[in-house]
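Everything on this sheet refers to the single structure shown next.
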Amino acid sequence: QQQVKQSPQSLIVQKGGISIINCAYENTAFDYFPWYQQFPGKGPALLIAIRPDVSEKKEGRFTISFNKSAKQFSLHIMDSQPGDSATYFCAASMRGGSYIPTFGRGTSLIVHP
Amino acid sequence: DGGITQSPKYLFRKEGQNVTLSCEQNLNHDAMYWYRQDPGQGLRLIYYSQIVNDFQKGDIAEGYSVSREKKESFPLTVTSAQKNPTAFYLCASSISGTYGYTFGSGTRLTVV
Numbered sequence: 001q002q003q004v005k006q007s008p009q010s011l012i013v014q015k016g017g018i019s020i021i022n023c024a025y026e027n028t029a030f031d032y033f034p035w036y037q038q039f040p041g042k043g044p045a046l047l048i049a050i051r052p053d054v055s056e057k058k059e060g061r062f063t064i065s066f067n068k069s070a071k072q073f074s075l076h077i078m079d080s081q082p083g084d085s086a087t088y089f090c091a092a093s094m095r096g097g098s099y100i101p102t103f104g105r106g107t108s109l110i111v112h113p
Numbered sequence: 001d002g003g004i005t006q007s008p009k010y011l012f013r014k015e016g017q018n019v020t021l022s023c024e025q026n027l028n029h030d031a032m033y034w035y036r037q038d039p040g041q042g043l044r045l046i047y048y049s050q051i052v053n054d055f056q057k058g059d060i061a062e063g064y065s066v067s068r069e070k071k072e073s074f075p076l077t078v079t080s081a082q083k084n085p086t087a088f089y090l091c092a093s094s095i096s097g098t099y100g101y102t103f104g105s106g107t108r109l110t111v112v
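As given, the protein sequences belong to chains A and B, one line each in that order.
For the first sequence, the residue numbers in our numbering are 1 to 113.
For the second sequence, the residue numbers in our numbering are 1 to 112.
Structure follows, in structure tokens:
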């Protein structure tokens with residue numbers, strides 16, 4: 001049973017455009033929602049994270065939007081750059097689950113120059 | 001520099017052989033984890049350890065074994081019982097009771 005569903009699987013965006021990746025979760029006990037960025041041949045690195053008591057968090061060009069009632073959250077990359085080309089994973093964690101994240105299946109983002 | 005070191009970066013083995021992947025961290029983290037990554041499958045948890053000399057099975061532990069004799073080290077053995085071992089393996093660590101994860105750079109295992 002997939003507890004965190006991520007879409008799309010792949011995304012192609014032109015330089016300067018907005019990249020949007022969506023995730024949906026099922027377990028309302030999740031209380032921490034991070035996004036990880038992974039470049040080819042490297043391990044994922046934490047990009048940005050949000051807790052369910054806020055609806056939006058912004059760090060530079062990256063924004064998480066969170067909809068608690070819909071059990072959905074999304075990553076928006078403004079002014080997308082070729083250097084943003086990577087695989088992005090959403091995840092969800094909870095204290096009752098030993099803080100271990102449940103990951104989405106990932107989105108491969110390509111930003112064309 | 002503090003971090004997680006996985007070695008080797010690439011590993012080739014013949015079918016039927018056991019192979020051990022190394023993971024060392026100098027972050028003083030209590031908890032360590034092993035994940036398997038396959039295209040389109042995301043990150044799947046193999047084993048994790050939250051304290052020395054103790055570890056727990058993850059979602060796909062069959063065909064794998066681990067040990068945690070030292071806080072800094074969490075090696076993963078891929079046994080001959082693992083039916084499809086070719087994959088990218090990632091080690092991670094965290095401070096127990098917190099959400100933050102640090103990943104290593106991974107080992108790509110190819111079994112021929």
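Here a beta-carbon is modelled for each residue, glycine too, at the ideal position from N, C-alpha and C.
Beta-bridge partners of residue i, as assigned by DSSP
| i | result |
| --- | --- |
| leucine 75 (chain A) | A:Ile21 and A:Ile64 |
| arginine 13 (chain B) | B:Val111 |
| methionine 32 (chain B) | B:Ser49 and B:Ser93 |
| glycine 42 (chain B) | B:Asp38 |
| threonine 102 (chain B) | B:Ser93 |
| proline 34 (chain A) | A:Ala49 |
| aspartate 54 (chain B) | B:Ile51 |
| serine 22 (chain B) | B:Ser7 |
| tyrosine 64 (chain B) | B:Val78 |
| alanine 91 (chain A) | A:Phe103 |
| phenylalanine 39 (chain A) | According to DSSP, phenylalanine 39 (chain A) bridges with nothing at all. |
Distance CB(residue i)-CB(residue j) smaller than 7 Å
| i | j | result |
| --- | --- | --- |
| glutamine 9 (chain A) | glycine 104 (chain A) | no |
| phenylalanine 30 (chain A) | methionine 78 (chain A) | no |
| glycine 16 (chain B) | serine 80 (chain B) | yes |
| leucine 90 (chain B) | phenylalanine 74 (chain B) | no |
| alanine 31 (chain B) | serine 105 (chain B) | no |
| phenylalanine 62 (chain A) | isoleucine 50 (chain A) | no |
| arginine 68 (chain B) | phenylalanine 55 (chain B) | yes |
| glycine 41 (chain A) | serine 80 (chain A) | no |
| leucine 46 (chain A) | threonine 107 (chain A) | no |
| glutamine 14 (chain A) | histidine 112 (chain A) | yes |
| tyrosine 99 (chain B) | alanine 92 (chain B) | no |
Span separating the alpha-carbon of residue i from that of residue j
| i | j | result |
| --- | --- | --- |
| asparagine 67 (chain A) | threonine 86 (chain B) | 38 Å |
| threonine 87 (chain A) | glutamine 37 (chain A) | 6 Å |
| lysine 57 (chain B) | lysine 83 (chain B) | 17 Å |
| isoleucine 60 (chain B) | tyrosine 35 (chain B) | 9 Å |
| valine 78 (chain B) | isoleucine 100 (chain A) | 22 Å |
| isoleucine 21 (chain A) | isoleucine 110 (chain A) | 12 Å |
| tyrosine 48 (chain B) | lysine 57 (chain A) | 30 Å |
| glutamate 24 (chain B) | lysine 70 (chain B) | 10 Å |
| serine 22 (chain B) | proline 82 (chain A) | 33 Å |
| tyrosine 64 (chain B) | threonine 110 (chain B) | 15 Å |
| phenylalanine 12 (chain B) | threonine 5 (chain B) | 19 Å |
| threonine 102 (chain A) | cysteine 23 (chain A) | 12 Å |
| glutamate 62 (chain B) | asparagine 18 (chain B) | 14 Å |
| asparagine 26 (chain B) | isoleucine 48 (chain A) | 24 Å |
| valine 52 (chain B) | glycine 42 (chain B) | 27 Å |
| proline 52 (chain A) | threonine 107 (chain B) | 34 Å |
Per-residue burial, residue i [other beta carbons within 10 Å of its own, 16 or more giving buried]
| i | result |
| --- | --- |
| glycine 2 (chain B) | exposed |
| phenylalanine 89 (chain A) | buried |
| alanine 91 (chain A) | buried |
| proline 39 (chain B) | exposed |
| glycine 43 (chain A) | buried |
| isoleucine 64 (chain A) | buried |
| isoleucine 46 (chain B) | buried |
| glycine 155 (chain A) | A question about residue 155 (chain A) goes unanswered here, because the residues of chain A that appear run from 1 up to 113. |
| alanine 70 (chain A) | exposed |
Coil, strand or helix - residue i by DSSP
| i | result |
| --- | --- |
| proline 113 (chain A) | coil |
| aspartate 123 (chain A) | Because chain A here runs from 1 to 113, residue 123 (chain A) falls outside it and cannot be looked at. |
Closer than 7 Å to chain C by CB, residue i
| i | result |
| --- | --- |
| proline 44 (chain A) | The displayed structure is made up of protein chains A and B, and chain C is not among them. |
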